[in-house]
Amino acid sequence: MKQRDTHQWTVQDQQLFQRLYKQYKNDFSEYLKFFPQRTYQQIRCFYYNQIYKYRKTNNALDEQKIQQQQADSAKRATQSSPVNTQQPINPVAIIFDSVGGSTLTLAEMISKELYDQGISYYFIDLRTYSIEQALATVQSCSKFILGSPTYNGSMLDSLKKLIQQLIYQKLHLNKKFALFGTFGWTEAAVNDMKTLLVKDGTCFVGSVVTKSEEVLNNLKAVKDLIFRLQLENQ
Ligand SMILES: Cc1cc2nc3c(=O)[nH]c(=O)nc-3n(C[C@H](O)[C@H](O)[C@H](O)COP(=O)(O)O)c2cc1C
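Numbering follows UniProt numbering, in which position 18 of the sequence shown is assigned residue number 18; successive positions increment by one, without gaps.
This is the structure we're talking about:
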């Protein structure tokens, strides 16, 4: 049984709560993962105290967002670069490899979600970029989403080399990492990538792993991953 929590909700707590509200609405069990020191009842109570305020703010924000999206979609029609150039500052790096196309499909789902949320990104397919080109491109990135299928019981060599170089060049320090991968029968690539990456100074936020034939069923998991990647102080 959890102790009753007598602490106030700090400003940071309230900001986090508001972001969780946008994602999870009244799914309180999700909030518990972010506020493990609080009880379900405390979260529920705080939620119903805040909901009216949030709805009002969100309606105003939604109107701004619709106008922005209309302007963005006009721009997007003329874009051919693999880089979303709307917000070139500090983009997210999606770096992946794929042989048969399943991991590519997952990478595309991730990039579409980033695009829809107005988050800029580099889309780096290691079939067309060398490791050196990839590393040169992502110097300014603070968030990485790395993907590999499982082949012969592990990740592809290209991802292994990339991660080794990231570490060797100390590009992994104080960066956030999310991972994705596809597999046929026993997932291994993402686990192995995580083992390589999890070192001092690396923040691992989560992963999306799926069987190749189920890739398209992972939209919610993709949204969730990006949400976690964008959360501050996680
Ligand atoms: C030669 C070969 C080896 C594979 N080895 C594994 C394996 O060890 N474990 C596994 O779960 N799936 C394995 N698979 C299945 C792939 O992981 C799966 O089809 C994956 O989605 C392929 O991703 P891609 O289409 O992006 O290349 C293998 C497939 C092939 C063709």
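Here a beta-carbon is modelled for each residue, glycine too, at the ideal position from N, C-alpha and C.
Label residue i either buried or exposed according to how many other C-beta atoms from any shown protein chain fall within 10 Å of its C-beta, with 16 as the threshold for buried.
i: Y48; result: exposed
i: L216; result: exposed
i: P91; result: buried
i: L20; result: buried
i: G181; result: buried
i: Q42; result: buried
i: V209; result: buried
i: R38; result: buried
i: S98; result: buried
i: N218; result: buried
i: T128; result: exposed
i: P149; result: buried
i: V222; result: buried
i: Y40; result: exposed
i: Q12; result: exposed
The alpha helix (DSSP H) spanning residue i covers which residue range?
i: S207; result: It is not in any alpha helix (DSSP H) - S207 instead sits in the beta strand (DSSP E) that spans T202 to K211.
i: F229; result: Here the sequence assigns Leu to residue 229, which means Phe is not the residue at that position. Run containing L229: L219 to Q230, per the alpha helix (DSSP H) assignment.
i: T195; result: A189 to L197
i: F17; result: V11 to Y24
i: L156; result: Note, L156: premise wrong, no alpha helix (DSSP H); not H, not E.
i: F34; result: F28 to F34
Provide the residue span of the beta strand (DSSP E) that contains residue i, from first to last.
i: A107; result: That residue, A107, is in no beta strand (DSSP E); its alpha helix (DSSP H) goes S102 to D116.
i: S120; result: Careful: S120 lies outside any beta strand (DSSP E) and carries neither H nor E.
i: V92; result: V92 to F96
i: L146; result: K143 to P149
i: T137; result: It is not in any beta strand (DSSP E) - T137 instead sits in the alpha helix (DSSP H) that spans I131 to T137.
i: K176; result: K175 to F183
With residue i and residue j assumed to form a contact (beta carbons below 8 Å), what rounded beta-carbon distance in angstroms separates them?
i: D125; j: L106; result: Wrong, their Cβ atoms sit about 12 Å apart, outside the cutoff.
i: I131; j: S154; result: Not really, about 17 Å apart at Cβ, beyond 8 Å.
i: F177; j: C203; result: 7 Å
i: Q23; j: F227; result: 5 Å
i: A134; j: L162; result: 6 Å
i: F28; j: Q50; result: The pair is not a contact, with the Cβ atoms about 13 Å apart (cut-off 8 Å).
i: I167; j: K194; result: Not quite, the Cβ-Cβ distance comes to about 13 Å (not below 8 Å), so this is no contact.
i: K211; j: F183; result: 6 Å
Is there a Cβ from chain C that is less than 7 Å from the Cβ of residue i?
i: G184; result: The structure shown has no chain C; it contains just one protein chain.
CB-CB under 6 Å to residue i, same chain, minus the five flanking residues each way: which ones, in chain order?
i: F96; result: T103, A107 and G147
i: D192; result: S154 and M155
i: K220; result: none
i: L196; result: I163
Using a Cβ-Cβ cutoff of less than 8 Å, which residues in the same chain neighbour residue i once the five nearest sequence positions on both sides are dropped?
i: V138; result: A93, I95, Y122, I124, F144 and L171
i: residue 236; result: No answer is possible for residue 236: the residues shown for the chain start at 1 and end at 234.
i: L225; result: I110, I145, A178, F180, V205, G206, S207 and V208
i: E187; result: T150, G181 and V209
i: Q70; result: Because the pLDDT at Q70 is just 49, under 50, the model does not fix this residue reliably, and the point stays unresolved.
Please work out which residues of its chain come closer than 7 Å, Cβ to Cβ, to residue i, disregarding the five sequence neighbours upstream and downstream, and give them in chain order.
i: N174; result: G201
i: L231; result: R19
i: E113; result: V222, K223 and I226
Notebook entry, point to check: Whose CB is closer than 7 Å to a heavy atom of ligand 1? List the residues in chain order.
Noted result: In chain order, the residues positioned with their C-beta nearer than 7 Å to some heavy atom of ligand 1 are S98, V99, G100, G101, S102, T103, L104, P149, T150, Y151, N152, G153, T182, F183, G184, W185, T186, E187, A188 and S212.
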